[in-house]
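Input: a single structure, listed below in structure tokens.
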Amino acid sequence: MTLLDVRGLTVTTDEDRTLVDDLTFAVGAGERLGLIGESGSGKSLTSLAVLGLLPPGMTATGSVRLAGTEVVGAREKALTELRGRRASVVFQEPLTALDPLMRVGRQIAEPLRRRTGLKGDALHKAVADALDQVRLPDPRRIARAFPHEISGGQRQRVALAMALACEPELLIADEPTTALDVTVQADMLDLLDSLVRERSMALLFVSHDLAVVSRITDSVLVLRHGRAVETGTVEDLVHRPREPYTAALVESARKLESALDVGAGG
Amino acid sequence: MTTPVPAVTELPGKPRSRPRRSATLVTGCVLTGLVALLALISVVWLPYEPDDTSGTRLAPPGDGHLLGTDKLGRDLFTQVMNGSRIAWEAGLGSVAIAAVLGITLGVLAAYAQGWLDDTVSALLDILIAFPTLLLAMLIVAARDATLGSAILAIGLAQSAVVARLTRILVKRVLAQDYITAARTSGTSRPRIVAAHILPNIWPTLVVNLALQFGLAVLAEAGLSYLGLGAPPPNASWGGMLQQAQATFTTAPAGAIAPGVLLVVLVVGVNLIADGLRDTLDPARRRSA
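Written out as structure tokens, the structure is:
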């Protein structure tokens, strides 16, 4: 059974603007797919629609089956049971994705407690382990910190630990490195890569950055104005783009890369 | 350039668990504490029985009566103490009703969408426009003129204000990423409200509830001035003011005493609200 099966997904606003148009893709258990496109291409909306989390005023039609359950039109209660266990999300901006008034440890403890039923010391231990797994130093100290007391990179690791605490079958990463410094980005990608592999999770990686996506997934779906432009392996897209838009994306990525190389050399 | 993950950074000048003690807050606590003390003492001890009319009528302050007597010879200080208790009951009772009803309604309204949201907002606006006095008269007509009726009327009127504020605050929090993040990990709605929404709107709500307390005390004084509050001899400050009105030029103490205490309590509560805003409001705290 395909873990995530999206068929003809269309997202429209109340004003009848179509933001995602007839999108079809699938992610099998343990597979990885990159969703790539410029801002406004509907990639983040797609990742939200997968979990039935569209903002008010937007409607999804078509079909999204997550682990065999239809998400489009499902009731909130059914969705709550689906979320977390089947799929969870790491968001772009780690500062706003963490509750500013709740200690980091408690934010990770919430989903952990729900999944494992642990309490007291055992739960504290599990939280420290979860922080340790995302390679945060001094987990017990970080667990007691508030989000504004730790760095951006640390916050994103905490957000990742929160998403992983549910042990999802599918991890959706929505531009998880965009808000980070370039130096921290690479560490974060490596961490994500190894954690996903260790747990044989499926990964839906959303990004505007072809270079970042190519580091972590093999197959890619290119989105533009809410439509699928092209799909294939990163290898194929980079070397044999079939669509002019993909070629333009690759070209701009190359230009940036070579500009950086020149800058580094000179 | 290698960047090891930096250790926890505690930025200087960012107080969190220990809010700064502001002068406003302390002054407010002293003023309200004074009235609270009178109210608490009145529960166990009063200088005279409230209905003891043995004193000289309209006696000036002194000579066995600290503040003098009213036109029936009852001790004014006794009445003022009783009034303190009634003022506290009115404030706490109204705010309790407003908090429970208003916050519940506000949270529900914030979750409502589309036409339901519009309808609830319109209803709240109508309720807020509805004069408290009229509402109080309706309730008094249905029940009778007691402190309970006044508290019920004030509490109901204030719950609309609290509900409208809560609705806006909750909507703002609901739009935050961390709520979406909590939802993606399968957190249920009641749990999100309890663990994320209420703690985040609480600082603003507490400040508003403190202000509502002051308004409730004033409203109760207004209602009993009109005879819609607690009946004598356990009159509230508003009732005392009304009693003393006719004899104000000859025996001003009867009006000055409740008037001063009313101001002390309401100013005190407002100072507390101000002080709380400075220490609790997360926006101000973080920018500080």
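As they're listed, the protein sequences go chains A and B.
Quick note on the numbering used here: the first sequence kicks off at -1 and runs consecutively.
Quick note on the numbering used here: the second sequence kicks off at 2 and runs consecutively.
Idealized CB from N, CA, C, for every residue including glycine.
Because the structure is a prediction, the values reported are computed rather than measured.
Out of B:Glu90, B:Ala236 and B:Val101, which one is the CA nearest neighbour of threonine 79 (chain B)? B:Ala236
Where do the N-terminal and C-terminal ends of the alpha helix (DSSP H) with aspartate 127 (chain A) fall, by residue? 118 to 131
Rounded distance between the beta-carbons of valine 69 (chain A) and valine 102 (chain A), thought under 8 Å: Going by Cβ atoms, the distance from valine 102 (chain A) to valine 69 (chain A) rounds to 30 Å, so no, they are not a contact pair.
Suppose you measure from the CA of threonine 181 (chain B) to the CA of arginine 15 (chain A); what does that come to, to the nearest Å? 23 Å
Could you tell me the boundaries of the beta strand (DSSP E) in which aspartate 3 (chain A) lies? Looking at the DSSP string, the run of the beta strand (DSSP E) that includes aspartate 3 (chain A) is 2 to 11.
Please identify, using Cβ separations under 7 Å, the residues of the segment 230 to 253 of chain B that lie next to chain A, in order along the chain. none
Terminal residues of the alpha helix (DSSP H) in which threonine 57 (chain A) lies: Careful: threonine 57 (chain A) lies outside any alpha helix (DSSP H), inside the beta strand (DSSP E) at 56 to 64.
Go ahead and label leucine 134 (chain A) buried or exposed: buried means 16 or more other beta carbons lie within 10 angstroms of its beta carbon, across all protein chains shown. buried
At a threshold of 7 Å, does serine 61 (chain A) count as lining the ligand MG (C-beta to nearest heavy atom)? With respect to the ligand MG, the structure offers nothing, as it holds no ligand at all.
So, leucine 266 (chain B) versus alanine 88 (chain B), is the Cβ gap smaller than 8 Å? yes
Output yes if chain A places a C-beta closer than 8 Å to the C-beta of glycine 188 (chain B); else output no. The sequence shown places threonine at residue 188 (chain B), not glycine. Chain A contact via Cβ: present.
For leucine 67 (chain B), which residues in the same chain have their Cβ closer than 6 Å to its Cβ, ignoring the five residues on either side in sequence? Phe78
Burial state of valine 101 (chain B), where buried means 16 or more other Cβ atoms lie within 10 Å: Valine 101 (chain B) is exposed by the Cβ-count criterion.
Have a look at threonine 248 (chain B) and glycine 56 (chain B) and give me their C-alpha separation to the nearest angstrom. 17 Å
Can you give the Cα-Cα distance for isoleucine 155 (chain B) and phenylalanine 214 (chain B), rounded to whole angstroms? Isoleucine 155 (chain B) and phenylalanine 214 (chain B) have their C-alpha atoms roughly 10 Å apart.
Run through chain C and tell me which residues come within less than 7 Å of threonine 94 (chain A), C-beta to C-beta. Although the question refers to chain C, the structure presented lacks it and instead comprises the protein chains A and B.
Alpha-carbon to alpha-carbon, arginine 104 (chain A) and isoleucine 193 (chain B): 13 Å
From A:Gly151, A:Asp97 and A:Glu167, residue whose alpha carbon lies closest to that of methionine 199 (chain A): A:Glu167
With distances taken from CA atoms, which of B:Val268, B:Leu242, B:Glu50 and B:Gly34 is nearest glycine 260 (chain B)? B:Leu242
Quick check on glutamate 74 (chain A): does DSSP put it in helix, strand or coil? helix
Could you tell me which residues DSSP pairs with phenylalanine 131 (chain B) in its beta bridges? Answer is none; phenylalanine 131 (chain B) lacks a bridge partner.
For glycine 264 (chain A), would you say it is in contact with chain B, using Cβ-to-Cβ distances shorter than 8 Å as the test? At glycine 264 (chain A) the pLDDT is 41, less than 50, meaning the model places this residue with poor confidence; the figure from the coordinates comes in the next sentence. No, glycine 264 (chain A) lies away from the interface with chain B (no Cβ there is under 8 Å from its Cβ).
For threonine 54 (chain B), which of B:Gly65, B:Asp76, B:Leu277 and B:Leu38 has the nearest alpha-carbon? B:Asp76
Return yes when the Cβ of aspartate 19 (chain A) is within less than 8 Å of the Cβ of threonine 8 (chain A), no when it is not. yes
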